[in-house]
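Comments concern the structure below.
In my numbering, the protein residues as written are 8 to 696.
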């Protein structure tokens, strides 16, 4: 039985403004702990939470937001659907609404997107029109699953099939927690574990508050009139760290989704790295009548977006962007190109730049300062994305090599594709790669910026087939070294195949599918066991006197290639190119070059007549004619080539001969994009073809 202990202390105090014969009475009440628990603060008292609990720091770096138009369009489509169902009499059917899952690799900006939902809607004509017509206001509530999962308890282990039972005690506990989380963030902007614990103690979370009470108080605090619709954007960040509790919270949200009396709708926005972990919110089988989550994959930033973010981070840390060169400065563009796509790495790149600035070094002043910047940047990135980190996330070295091969050849994968002991989705969750969307919804291309590829090459000593021309972002690709650049891409392809035990590859896969030609040619399989790289000398001695020189003949069984005098005193040796074990660069003339590879003969039709600002040629000088292709095929056939691949930044339109394939124009740009981009590393000096 509860009781109240009352102690009355009577003090007789003489006060100048009171008669001396009147006593001053103080009453001090003591409550037992059990009674104190029952004395839950009134719902109105929650508005004073910010006086008791201090706000947490923002979980994001508050720099100006860099727009992501494709992602924003998809978000607004889902928001628009939800708003539409709130017109007139709000729909009670939860299946009419959609939640949002924003997924992608760690550090790609998912959390920031959640904070920008209202601004994104404001900049979308259709979504803003619906919002204004509905007379709606948005309120963002932030929850971090990593911070609250321990407060909720152990829950259940992850289930591979997402089949989680409904446990009434857990549902009840999570419901009480949800109302605490909403109130605490709205009134105090607190989201960390310690602050949430404090709020739970103050609110007596064992009893909790009803969601309707909390909504009514929020509307009162925001001074919302009855006709105004309140949209609560409830962000659950890092949801994959507690899949069971995330699913449980989403089930609760579904049950309170629409509050008709107070015209309030919750739109859950889950930001994390493993959307499949919360794919099924209903029973063990999916039904069209269930509330669902729309998955939106956060693709990497393109070059221009990455450059914008580079500037914003510079302003955030330095105060302005005056230390940056103009946008067309080549070393600056090369640096951005090497870290593009991942905000976390771009932030490291900016902080490295400012560190050198404090040492009096202008990073993009010349090649030497750019090289120093690159070495400093590699050191910092290698610390964050360490070899130990790679091995712990991917379990073994063979997985890492296979993943690097997928990145290198731009292999199409699904999130469910298996490596040894993990899936592609789980690798993405580690933040070591990101997945780029393709035209097929379920297929993606694994990506990593050049700086991470360089880290892997150094960690696992892959220099034997990764040439420096691929790994130095400040080596400009021009007409002379263009063949070396392309051939070294092939060398890395074959080297990674050998390293990972991949026995064969098709011609189409070698070029990342960015190649056009007859299906029979593109589907040709190349089997690889060992590959050596050689270059043919432009001239060889006519005789032993070495006084007269001649251009070597192209005898495919006796191709002259350069070697050390330890191997042959002449400085060159003959090898049999038909064995399929060699990559051989053949230098023919200054403006063109040929090569013999295991998969085909290659010819490079490269002109530096690239108009400034364009990715590929736009005028007549940039066209590869069908007549030229026909002539080159005839010449290749005469040397015994089985297939000819022409690689060029020029445009080509027309029918391709039966034993030929062409990588041209936009396909060329996409093929080289891992190691170079025409906006950065390709020289644009105009030279006649």
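Here a beta-carbon is modelled for each residue, glycine too, at the ideal position from N, C-alpha and C.
ask   = In this structure, what does DSSP give as the bridge partners for residue 532?
value = 513
ask   = Among 156, 250, 224 and 443, which residue has its Cα nearest to the Cα of residue 169?
value = 250
Contact check, residue 402 vs residue 437, beta carbons under 8 angstroms = no
query = Three or more C-beta pairs closer than 8 angstroms, one from the stretch 136 to 145 and one from the stretch 230 to 247: is that the case here?
reply = yes
request  = Look at the alpha carbon of residue 224 and the alpha carbon of residue 56, and state the distance between them as a whole number of angstroms.
outcome  = 13 angstroms
message = For the stretch 492 to 508 against the stretch 459 to 476, do three or more pairs of beta-carbon atoms, one drawn from each stretch, fall closer than 8 angstroms, so that the two count as touching?
response = yes
key: Proximal residues to residue 43 (C-beta, below 8 angstroms), its chain only, five neighbours per side dropped   = At residue 43 the pLDDT is 43, less than 50, meaning the model places this residue with poor confidence; the figure from the coordinates comes in the next sentence. For residue 43, where only same-chain residues beyond five positions count, there are no Cβ hits under 8 angstroms.
ask   = Relative to the alpha-carbon of residue 319, which residue among 71, 499 and 521 has its alpha-carbon at the smallest distance?
value = 71
ask   = Do you know offhand how far residue 2's Cα is from residue 230's?
value = In the structure as shown, the chain begins at 8 and stops at 696. Residue 2 is therefore absent and cannot be evaluated.
query = Are the Cβ atoms of residue 533 and residue 502 separated by less than 8 angstroms?
reply = no
query = Can you tell me where the beta strand (DSSP E) with residue 653 in it begins and where it stops?
reply = 651 to 655
inquiry  = So, for residue 87: in the same chain, excluding its five sequence neighbours on each side, which residues have a beta-carbon less than 7 angstroms away from its beta-carbon?
reply    = 133, 134 and 137
query = Near residue 303, what residues of its chain come up, given a Cβ to Cβ distance below 6 angstroms and the 5 sequence neighbours on each side ignored?
reply = 81 and 109
inquiry  = With distance defined between alpha-carbon atoms, name the residue in 349, 107 and 414 nearest to residue 682.
reply    = 414
ask   = Helix or strand or just coil, what does DSSP make of residue 567?
value = strand
Cβ neighbours of residue 677 in the same chain (closer than 6 angstroms, five flanking residues each side left out) = 521
C-alpha gap between residue 305 and residue 406, whole angstroms = 24 angstroms
task = Using a threshold of 8 angstroms, state whether the C-beta atoms of residue 274 and residue 157 are closer than that.
result = no
query = Do you know whose CA, among 337, 150, 408 and 354, lies nearest residue 315's CA?
reply = 354
query = Along the chain, which unbroken stretches of the beta strand (DSSP E) at least 3 residues long are found entirely within the stretch 383 to 447?
reply = 441 to 444
message = I'd like the list of long-range same chain contacts for residue 686, defined as Cβ closer than 8 angstroms, with 5 residues on each side in sequence excluded.
response = 310, 340, 344 and 622
key: Residue interval of the alpha helix (DSSP H) (run including residue 481)   = It is not in any alpha helix (DSSP H) - residue 481 carries neither H nor E in the DSSP assignment.
ask   = What are the start and end residues of the beta strand (DSSP E) that includes residue 580?
value = 579 to 582
ask   = Bridge partners of residue 592, per DSSP?
value = 542 and 602
query = Based on Cα-Cα distance, which residue from 54, 149 and 129 lies nearest to residue 64?
reply = 149
query = Secondary structure at residue 608, three-state DSSP: helix, strand or coil?
reply = strand
inquiry  = Looking at residue 443: is its Cβ nearer than 8 angstroms to the Cβ of residue 75?
reply    = no
task = Use the C-beta contact count for residue 374: other C-beta atoms within 10 angstroms, 16 or more gives buried, fewer gives exposed.
result = exposed
key: Residue environment, residue 215, which counts as buried when at least 16 other CB atoms sit within 10 Å   = buried
ask   = Where does the unbroken alpha helix (DSSP H) through residue 272 begin, and where does it stop?
value = That residue, residue 272, is in no alpha helix (DSSP H); its beta strand (DSSP E) goes 271 to 279.
inquiry  = Please identify the residue among 412, 424 and 53 whose C-alpha is closest to the C-alpha of residue 454.
reply    = 412
query = What span of residues does the beta strand (DSSP E) with residue 187 cover, start to end?
reply = Per DSSP, residue 187 belongs to no beta strand (DSSP E); it is in the alpha helix (DSSP H), 175 to 195.
key: Classification of residue 218 by the beta-carbon crowding that lies within 10 angstroms, buried from 16 upward   = buried
query = Would residue 440 pass as a contact of residue 115 if the rule is Cβ separation under 8 angstroms?
reply = no
query = residue 688 and residue 672: beta carbons closer than 8 angstroms?
reply = no
query = Which residues mark the beginning and the end of the alpha helix (DSSP H) in which residue 315 is found?
reply = 310 to 325
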